[in-house]
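Input: a single structure, listed below in structure tokens.
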Amino acid sequence: MAMTTFKAISRKLPGGLAVESESRGFKVIIDEPPSLGGTDTGMNPVEGLLVSLGSCQCIVAAAFAKSQGIDLKEFWVELEGDLDTDGFLKGDPNVRPGYQEIRFTMHIKTDAPQDKVEAFQKFIQSRCPVGDSLGKGVTIKPATIVIDK
């Protein structure tokens, strides 16, 4: 088995809700819109989740199109998810704080026939690590706490 460990660090920035996250030297700012208490300096975490899923699907499509017999001219994914903010903002015990449903539409520009494109779409979903993590769940270990003084 070729187990690989990926690492990231997220740091709360001074003031507001903005967070700087980093992995392998690449950085992204995550924030909330003003309606959710942020300063709108970046997408929020649940938007980042949608972006991660769509990006992963695009990468799988690009990486495997040729081997799947698809001449991939263009590929993009539109995503949307439904989240009841009462679970997050109000702590309503009857409302989960996360997405209740995520939907996406894959757009593909190719000369491949319909049946081959449909098979490719299923292949993409079967190989996407982010989609697998979301759809089948992933174990999240309890936090280790380090108190810095």
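Residues 1 to 149 (the working numbering) are what the sequence shown spells out, left to right. Virtual Cβ for every residue (Gly too), placed ideally from N, Cα, C. Note that the structure is predicted; figures quoted are calculated from it, not measured.
Short Cβ contact (8 Å threshold) for residue i with residue j
{"i": "ALA62", "j": "PHE75", "result": "yes"}
{"i": "CYS128", "j": "GLN68", "result": "no"}
{"i": "LEU72", "j": "ILE108", "result": "yes"}
{"i": "MET43", "j": "ILE59", "result": "no"}
{"i": "SER23", "j": "ALA2", "result": "no"}
Secondary structure of residue i, DSSP reduced to three states
{"i": "PHE123", "result": "helix"}
{"i": "GLU47", "result": "helix"}
{"i": "ILE108", "result": "strand"}
{"i": "GLU20", "result": "strand"}
{"i": "LYS90", "result": "coil"}
Exposure of residue i, with buried meaning 16 or more beta-carbon neighbours within 10 Å
{"i": "VAL146", "result": "exposed"}
Check whether the segment 114-123 and the segment 133-143 are in contact - that is, three or more C-beta pairs closer than 8 Å.
no
Measuring CB atoms only, is the segment 96-104 touching the segment 80-88, in the sense that at least three cross pairs come out at less than 8 Å?
yes
Three-pair Cβ contact test at 8 Å for the segment 7-21 versus the segment 32-41
yes
Beta strand (DSSP E) runs contained entirely in the segment 46-88, provided each spans 3 or more residues
74-82
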